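Protein sequences appear in the order of chains A, B, C and D. With our numbering applied, the first sequence covers 1 to 360. With our numbering applied, the second sequence covers 1 to 360. With our numbering applied, the third sequence covers 1 to 360. With our numbering applied, the fourth sequence covers 1 to 360. Everything below concerns the one structure shown next.
There are 4 protein chains.
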Amino acid sequence: MSSEFGNKLRVSIFGQSHGSAVGCVISGLPSGEAIDFDALQTFMERRRGGKGILTTARSEADRPEFLSGIENGITCAFPVCAVIKNGDKHSKDYEKLIHTPRPGHADYTAFMKWGGFADMRGGGHFSGRLTAPLCIAGGIAKQILEKRGIYIGAHISEIHGVKDEPFPLFPDKALFDSISQKATPVISDARGREMEKEIENAKMNMDSVGGIVECAVTGVMPGLGEAMFDGVENKLSQALFGIPAVKGVEFGAGFEAARLMGSENNDAFRMDENGKVFTETNHAGGILGGITNGMPIVMRAAFKPTPSIAKKQATVNLSSGENTEIEIHGRHDPCVVVRAVPVVEAAAAIVILDLLLEGK
Amino acid sequence: MSSEFGNKLRVSIFGQSHGSAVGCVISGLPSGEAIDFDALQTFMERRRGGKGILTTARSEADRPEFLSGIENGITCAFPVCAVIKNGDKHSKDYEKLIHTPRPGHADYTAFMKWGGFADMRGGGHFSGRLTAPLCIAGGIAKQILEKRGIYIGAHISEIHGVKDEPFPLFPDKALFDSISQKATPVISDARGREMEKEIENAKMNMDSVGGIVECAVTGVMPGLGEAMFDGVENKLSQALFGIPAVKGVEFGAGFEAARLMGSENNDAFRMDENGKVFTETNHAGGILGGITNGMPIVMRAAFKPTPSIAKKQATVNLSSGENTEIEIHGRHDPCVVVRAVPVVEAAAAIVILDLLLEGK
Amino acid sequence: MSSEFGNKLRVSIFGQSHGSAVGCVISGLPSGEAIDFDALQTFMERRRGGKGILTTARSEADRPEFLSGIENGITCAFPVCAVIKNGDKHSKDYEKLIHTPRPGHADYTAFMKWGGFADMRGGGHFSGRLTAPLCIAGGIAKQILEKRGIYIGAHISEIHGVKDEPFPLFPDKALFDSISQKATPVISDARGREMEKEIENAKMNMDSVGGIVECAVTGVMPGLGEAMFDGVENKLSQALFGIPAVKGVEFGAGFEAARLMGSENNDAFRMDENGKVFTETNHAGGILGGITNGMPIVMRAAFKPTPSIAKKQATVNLSSGENTEIEIHGRHDPCVVVRAVPVVEAAAAIVILDLLLEGK
Amino acid sequence: MSSEFGNKLRVSIFGQSHGSAVGCVISGLPSGEAIDFDALQTFMERRRGGKGILTTARSEADRPEFLSGIENGITCAFPVCAVIKNGDKHSKDYEKLIHTPRPGHADYTAFMKWGGFADMRGGGHFSGRLTAPLCIAGGIAKQILEKRGIYIGAHISEIHGVKDEPFPLFPDKALFDSISQKATPVISDARGREMEKEIENAKMNMDSVGGIVECAVTGVMPGLGEAMFDGVENKLSQALFGIPAVKGVEFGAGFEAARLMGSENNDAFRMDENGKVFTETNHAGGILGGITNGMPIVMRAAFKPTPSIAKKQATVNLSSGENTEIEIHGRHDPCVVVRAVPVVEAAAAIVILDLLLEGK
């Protein structure tokens, strides 16, 4: 199943970084939904490189062509296929790496799995480039959710130890919008500037840094998700670990919950004046027993530092069977986290729309 | 799909905490495998309560009865059904809680999903009791993996801030065995005693504590897992979030990777004298691009503190629509992490055997 | 996935003919549904042998024990596990057959797949005995459908060339009930008596006969099912071929449609006085493009003659590698079709309830 | 899941008849397989219209563009996306039909499911046009199977009552090749000419005819497939009912088995001089208990007559709520069966390759 995700809503992703195109097939979308292509493009731009010193110079327009499933701008009941042609390929930058796997990349594991047949130029199907079609699917899902009062936003929560403020207990659309318009999508601009400095330092040192993205989903009704293996956390984590470089996922208080007392971590239920139940804190991240409780769903995904660094690194030569070293050239983000923010939103949007379509 | 997991190997779990029985159906096991029932029982005992002051007094024997799939102690190609009768139920301890959902439990979300029909006595299908059938399936998977040279071990990595030593780069079966025989399964006994103190303190204060379990899998061939959504991390996290109280999952350096430079986090490939490739560090936790690289798979799961605490807590009355308070009586672990150690191993074993059966 | 079926409603079947028990796990049932256990037992009795000369003498009570998922007779949101203990085993009748596969049985294919480890006593997991748990799941599904105005009935459409009348264009519950109470469940009793003669003849000749079961589902709303591979026909056929001995499945006019002109086969749409659309004929069997059109769903399943016959048959000895002969003793139906009628209803009920839960 | 099929090998089909393109994503193909594009095109041509009086005049080249998954003509481990642009659309022929559903088509059921949003021009996603991407996937699967000694062939078994000879007990590649080169793919050319007459008559009478396609798969090892719901018959039938107009599927003797005695229908096992087991007859169609027995897999699919006929037909007007009539103009096959032959092969190839990849 590999590059497919979802139950009622299914997303299937195809393409290699240096192949002809990347794209996706999205099936199970509600019919009759008008797609705002400008908004989708704006969303896609947030993921795209080429905007500044902090991200790579690769500059495709990333404008998807829709081959099916949308007629006159409206979903027409059948699977949507969207394609982005790869216009800006520099394969020779990478070709020499085939026998000397790059540390931290999937070169070695792909070789062990497919014995040299995998098209790993530019990272192949493992490349961050494949998050573009994920953003097409997620961007469409996000629009459909917004019409149902469900909003999704994310910010950089941490880069190389520099932390942004956390989301407030009830983040709102205005906050999400404001963050999404920033070049460095954070709540505190002061912290954002510190993060930028960390990234610039890493770049100057021919190195890279990682970070954490925090994402919140508001407006979700209570009762979505299933017990045990098909709960909200199970599905969100399955999707989030599908984003390249993610090495950890947590919900609500997450790992910090392991350091709290039960009396601190439990979220007291309260009823507001309209009889609506809420919790005074949200250590559960909106999920109890795998099922939504109506509070914002809050998750964090940890990204490792970009494995492609200009520094010399130790590796092996799989042909000669000897230890060797490599230097990786080409264009690489010193930090993928900036561009990963909308990708995390996209993954969350796909899962939440799938849950919504599956119903209580 | 809810309480089912896996592709080639499928585990389906049934039962409620205070129903007649809990159990599982396991399909897709290799045929012709002799099951060591004593070893399975020993494994089950590690999960069971009633052993000391640190765990609950519930004392069922938890001895599974096998209704199908095993003949003369050998798997016979067809689905295995195993059942544990529930002998020791005290439903009335819980019945009064129906209208006042317990903070941190699934009472409220189950009510919002199923409107009062869910059998939530003792936590129903969300109870830690349901990890017993998970351990049957996982214990069998573990035995089958061991015959193929794959070993799984886990220890308490942290309780309420007290940290055990981490696993060494290459943990071995002897270490796993030694840990598994301890009442408090840790590497450093000194740290274990500190953890025990934290748990006793919590109990005395009518409170509870959470913690982290670290699990390692050794002997896995490189090349297992798929790109993107069906990788080793995706599947392990989907399984681990199926264990009650888990709120975070990470692999290798995990969240800490977000604080490292690329040059620190990348694991240098090296070749040993026999031409076997290994990495000098294991920040990747044995997984690159979702695919095993032959190094030990290392994961950590964060458990929140037991939500059932004797302290008075604020909640709502769903019948009267008013804010109220509850006190939870009955038997409860002040810390589920001790008993969760084999459960994490069980979940990992199911995933790894499934991956192995799916092949490269 | 083998012995599991369904999307929202999942049925997982376990057990071997001569093992301890057979049973099923049913997950995804709506909660709050009262189960009529007497009606379920009556339904189970229709499948059970021991009633007359036409069926085998095996006489277990086939009374399921429910281990989970039903409390106080009401579905309680969690997976239902039902078990029937196997009380009446005569394994030695079969044991000698292990090396000489019985023609028409799964002995040979099981041997080639599992190399002798499969528990094939009495047919193992391939035995008609496994339709008992299918009938538990189907019987429960049928009750839930009836409360929603959906009725399912079936009759023997043909045995060894003797044909019953077909269902009328709009069969109703009264017809279904009347058929279901007959020892030989047919519309025309005269034809039923002829069928009985065919079966008796076969028995006297130490032989067996096959037949066809026709099943109809009424009251299904238009719009259920999906295009292409997840349509109503795809799912019903997947379930029906799960019943032992089924070798053909058709819908509406089925194979006969291949002999009609388009102008004969097309069902003209008409509107009744209440504005309800119907078709004047039902060659489509209630399904167009894989989606229900509101007319009765009509399907037929062809059953091969019971492969177990007392006549001497040619086979091979897999140990010695020589051609040989076998005679099969023991209790065997001369015709499984009589008992298969409720089994077809059960399979249909599971599929239709699953479709209903998935929604339009 | 709708337009997706398979477990290890996954095929996802997209496109509407009068949209921009049709295509498919194929994931799970073995890597390192050289694709013979000429052979694929020859296979595609067999399905394409425009060749004679017996098929429609639509004349796209149907030449797929491969966007991913194949590099330098070799499968490169990642999902294959193939696209065929729709060049020859005459949408206005169909547009007037929206409110008056065509008998025998999915117009009405699509309307009831998606309430007018479905793009049903030219049949939309239900059109026979969507069998083109199915043939891309199936044509590639067929090539991969042939390299492993597995051959798939099909012929028209019957058209409007005129029957071709059946396949011999052991059909071979030469026979498959010879049939596949005929304009009317049959074994007996004399019968083929009678069939052509039936089709011409139907056309002259502004009517249509249906028929039956018989397909055989040779060279499959014994032991593929699973018991109960995931057997070879279950999967093949699920795929075959995904082909538009299929209303019946049978294996081996199929419905005719219902008219045989057990002693006639049972296939006697024999051992040849090399110790290879075969059966003297093949009423089982190569499948016992859902598992392959090494004999040719034989299946038949019944196709209803093309629902689009030029004759005036009774239908309803869904806007005005009145009974009315329609005449369907435009280009339509008087018989889809001729073009369906390679489509049945394609569906079979996908299933068999999936089974092979899943292993014993």
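Ideal placement from N, C-alpha and C gives every residue a C-beta, glycine not left out. Since the structure is predicted, the reported quantities are computational estimates derived from the model, not experimental observations.
Put simply, the CB of residue 16(D) is near chain A, with a gap under 7 Å to one of its CB atoms. Residue 226(D) sits in coil when the DSSP states are folded into three classes, being neither helix nor strand. For residue 214(A), the three-state secondary structure derived from DSSP is strand.
Here residue 25(B) carries a strand assignment [DSSP, helix/strand/coil].
Pairwise C-beta distances place the region 139-157 of chain C in contact with the region 351-360 of chain C, as three or more of them are shorter than 8 Å. When the beta-carbon positions are compared, residue 258(C) and residue 212(D) come within less than 7 Å of each other. The Cβ atoms of residue 160(C) and residue 179(C) lie no closer than 7 Å to each other. Bridge pairing for residue 10(D): 27(D) [DSSP].
Within the region 299-314 of chain D, contact with chain C at the beta-carbon level (separation under 7 Å) is assigned to 302, 303, 304, 305, 306, 307, 309, 311, 313 and 314. Of the candidates 75(B), 208(B) and 20(B), the residue whose Cα lies closest to the Cα of residue 62(B) is 20(B). Where residue 159(D) is concerned, the enclosing beta strand (DSSP E) starts and stops at 151-159.
At a cut-off of 3 residues, the continuous stretches assigned as beta strand (DSSP E) that sit fully inside the region 256-291 of chain B are 269-271 and 277-279. Between residue 70(A) and the set 316(A), 241(A) and 140(A), the nearest pair of CA atoms involves 140(A).
Taken in chain order, the members of the region 19-30 of chain C whose beta-carbon sits within less than 8 Å of a beta-carbon on chain B are 19, 20, 21, 22, 23, 25, 27 and 28. With its beta carbon less than 7 Å from one in chain D, residue 71(A) belongs to the interface. One thing to note: residue 16(D) has its Cβ within 7 Å of the Cβ of residue 78(A). Secondary structure of residue 147(D) (DSSP, three-state): helix. Chain-order list of chain B residues neighbouring residue 343(A): empty, with the shortest C-beta distance near 13 Å, by a criterion of under 9 Å. Per DSSP, residue 316(B) is one residue of the beta strand (DSSP E) stretching across 313-317. In the structure shown, residue 301(D) falls within a strand segment according to DSSP collapsed to helix, strand and coil.
Taking C-beta separations shorter than 8 Å and ignoring five residues to either side along the sequence, the partners of residue 101(B) in its chain run 107, 108, 111, 315, 316 and 318, following chain order.
Between residue 23(A) and residue 80(A), the gap from beta carbon to beta carbon reaches 7 Å or more.
Residues of the region 218-234 of chain A with a C-beta less than 7 Å from any C-beta of chain B: 222, 223, 226, 227, 228, 229, 230, 231, 233 and 234, listed in chain order. Identification of chain D residues near residue 117(A) by a Cβ-Cβ cut-off of 8 Å yields 31, 32, 74, 75, 76 and 77, ordered along the chain. Under the three-state reduction of DSSP output, residue 309(D) falls in the coil class, being neither helix nor strand. In the structure shown, the three-state DSSP call for residue 77(C) is coil. Judged by beta-carbon spacing, residue 335(D) lies within the 7 Å limit of residue 209(D), meaning their Cβ atoms are closer than that value.
For the region 178-199 of chain A, the set of residues with a beta-carbon nearer than 7 Å to any beta-carbon of chain B is empty.
When secondary structure is reduced to three states using DSSP, residue 237(A) falls in the helix class. Put simply, the backbone Cα of residue 135(A) is about 8 Å away from that of residue 43(A). When Cβ-Cβ separations below 7 Å define contact, residue 216(B) makes no contact with chain A. For residue 326(A), the uninterrupted beta strand (DSSP E) segment begins and ends at 322-326.
Taking 7 Å as the threshold, the shortest C-beta distance from residue 288(B) to chain A falls below it. Residue 247(D) counts as buried, since no fewer than 16 other beta carbons sit within 10 angstroms of its beta carbon.
Any Cβ of chain C closer than 7 Å to the Cβ of residue 135(B) would place that residue at the interface, and such an atom is absent.
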